[in-house]
Amino acid sequence: MRRFLAWLRAPLLGAALLLHGAFALAQTPPACPSAPSGPVYGSSPVNNYLLLALAPERMAGLNFPWSKQAAQILPKSVLDLPVLGGWFGQGKTASLEQVLRVHPTLALVSGATVGSQASTAAMCKLGLPICPVRLDSMADYPAAFRQVGQALGIAARGEALAADAQTTLDDLAALRQRVSRQPPVSIYYAEGEDGLASECSGSIHAEVITAIGAHNALRCTDGSRFGMVRVIFEQILAADPDWILTQDGPAMRAIQTEPRWRLLRAVREGHVLFAPQVPFRWIDRPPSFMRLLAAPWLASRIFPADYRAVFKTLIDARTEAFFALYFKRTLSAAQARAVLAPDPGDYPTKY
635 MRRFLAWLRA PLLGAALLLH GAFALAQTPP ACPSAPSGPV YGSSPVNNYL LLALAPERMA
695 GLNFPWSKQA AQILPKSVLD LPVLGGWFGQ GKTASLEQVL RVHPTLALVS GATVGSQAST
755 AAMCKLGLPI CPVRLDSMAD YPAAFRQVGQ ALGIAARGEA LAADAQTTLD DLAALRQRVS
815 RQPPVSIYYA EGEDGLASEC SGSIHAEVIT AIGAHNALRC TDGSRFGMVR VIFEQILAAD
875 PDWILTQDGP AMRAIQTEPR WRLLRAVREG HVLFAPQVPF RWIDRPPSFM RLLAAPWLAS
935 RIFPADYRAV FKTLIDARTE AFFALYFKRT LSAAQARAVL APDPGDYPTK Y
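For the sequence shown, this note's numbering assigns the number 635 to the initial residue and increments by one for each residue that follows.
Structure, rendered in structure tokens:
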């Protein structure tokens, strides 16, 4: 029996590796199988969130339960979807039995935060049509929106999101050009309950920092895609960051209350930012399309004059427009201000 199972799995794994390799070498996104109707399974959070922006009614399920802030924005039909699991690091996988129960007509896979071989092999095993989506950086989103929108039969929706994403990317490029003529600004990204975990240069989890033309204060290398490299406080002290950014409530409290953090110039000068996270985290965990709003927000706080010169709109108004397009949700001016001013006490660390 074991020999039979091994024989059965071998061609499926081989097909998965072949598909993964072809996708990795492709200069343009591969064509997705057409799936104009039926549920679609996103095998990782970055895929599922992409689907949420494009066609929430097509979501087959969730990779993990929503955080409480999601209820402020997302419709009940999305909030009540079953948790199917997925592949997004730290040994997490999906329940194949649960996936089959929702009868998906297409599976989205991506290697953005973990390799896509395991999820691709699993979807092959289930006999599901596979759409490999490149989401390795913010720059991949215009093509990804078009690619998946075309596959789902909603090309116009995909094009609308792609065009907005490209405009944001172009504005960020212009911003980087402006700030490159100024003294460099460094940012330490504090993660974990104590703020002593972070991301190395090149990490997808800290892309918003370089997207605005700032520099990652932490100099290190990390071979994993999960990130959250442990550091000691002396490393941060030696880096002497101009700003500190976090989206973990306990880390923010530690930075504000523990005496050792006062040794940092950024803390003494009030250069500590707590990132918005409605309806879910903007910076990363997962590194989703929300970074297309997170980067302008970060720029508005660190380079306010340059932000105004490039983006031509207040971040409040930009937030309202973003939520209207990506979530089809109208925010009042007061609601937008509340989204942009989160209380760290409302957001415990959760990964």
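Cβ atoms here follow ideal geometry from the backbone N, Cα and C, with glycine treated the same way.
Check your understanding: Since V973 contacts T947 with CB under 8 Å, what's their CB separation in whole angstroms?
Key -> By 1-based counting over the sequence shown, the position of residue 973 is 339. By 1-based counting over the sequence shown, the position of residue 947 is 313. That belief does not hold up - the Cβ atoms of V973 and T947 are roughly 16 Å apart, past 8 Å.
Review point. Where does N697 fall in DSSP's three states?
Key: Looking up residue 697 in the sequence shown gives position 63. Reduced to three states, the DSSP call for N697 is coil.
Practice item. Enumerate in chain order the residues of its own chain whose CB-to-CB distance from S671 is below 8 Å, with the five nearest sequence positions on each side excluded. Key: Along the sequence shown, one-based indexing puts residue 671 at 37. Cβ neighbours of S671 beyond the five flanking positions: T739, G787.
Point to revise | C-alpha gap between R810 and G847, whole angstroms | key: Along the sequence shown, one-based indexing puts residue 810 at 176. Along the sequence shown, one-based indexing puts residue 847 at 213. Roughly 4 Å between the two C-alpha positions.
Point to revise | alpha helix (DSSP H) runs contained entirely in the stretch 819-871, provided each spans 4 or more residues | key: 841-845
Point to revise | C-alpha distance - A873 paired with K759, whole-angstrom precision | key: Reading the sequence shown from its first residue, position 239 is the one you call residue 873. Reading the sequence shown from its first residue, position 125 is the one you call residue 759. Going by the C-alpha atoms only, they are around 48 Å apart.
Point to revise | Nearest-angstrom beta carbon gap, A900 and P630 [assumed within contact, 8 Å] | key: What is shown of the chain runs 635 to 985, which leaves residue 630 out entirely.
Exercise for review: Taking only the alpha-carbon atoms, compute the straight-line gap between F945 and A933 and give it to the nearest angstrom.
Suggested key: What you label residue 945 is simply residue 311 of the sequence shown in a count that begins at 1. What you label residue 933 is simply residue 299 of the sequence shown in a count that begins at 1. Each residue's alpha carbon lies about 10 Å from the other.
**Study point:** Endpoints, the alpha helix (DSSP H) within which G676 is located
**Key:** Residue 676 sits at position 42 when you count from the first residue of the sequence shown. Looking at the DSSP string, G676 is not in any alpha helix (DSSP H); the run it does join, the beta strand (DSSP E), is 674-676.
Review point. With respect to the beta strand (DSSP E) encompassing I764, which residues constitute its N-terminal and C-terminal limits?
Key: Stepping through the sequence shown from its first residue, residue 764 is reached at position 130. Per DSSP, I764 belongs to the beta strand (DSSP E) from 764-766.
Check your understanding: Quick one: what does DSSP say I878 is sitting in, helix, strand or coil?
Key -> For the purposes of this step, residue 878 is taken as the residue at position 244 of the sequence shown. Strand.
Point to revise | S837 to G904 span [Cα, whole Å] | key: For the purposes of this step, residue 837 is taken as residue 203 along the sequence shown, with counting starting at 1. For the purposes of this step, residue 904 is taken as residue 270 along the sequence shown, with counting starting at 1. Rounded to the nearest angstrom, the two C-alpha atoms are 26 Å apart.
Exercise for review: Per DSSP, which residues does L926 bridge with? Please list them.
Suggested key: Taking the sequence shown and counting its residues from 1, the one referred to as residue 926 is at position 292. L926 pairs with nothing; no bridge assigned.
Check your understanding: Using the rule of at least 16 other Cβ atoms within 10 Å of the residue's Cβ for burial, across every protein chain shown, is D977 buried or exposed?
Key -> Numbered from its first residue, the sequence shown carries residue 977 at position 343. Its Cβ having fewer than 16 others within 10 Å, D977 is exposed.
Review point. According to DSSP, is A741 helix, strand or coil?
Key: Mapped onto the sequence shown, residue 741 falls at position 107. Here A741 sits in strand by DSSP.
Practice item. Select from I843, A845, W895 the residue whose C-alpha is nearest the C-alpha of I866. Key: Counting from 1 along the sequence shown, the entry for residue 866 is found at position 232. Nearest option by C-alpha distance: W895.
**Study point:** Distance between A831 and D856 (C-alpha atoms, nearest Å)
**Key:** The residue labelled residue 856 in the question sits at position 222 within the sequence shown. The residue labelled residue 831 in the question sits at position 197 within the sequence shown. Spanning the two alpha carbons is a distance of roughly 12 Å.
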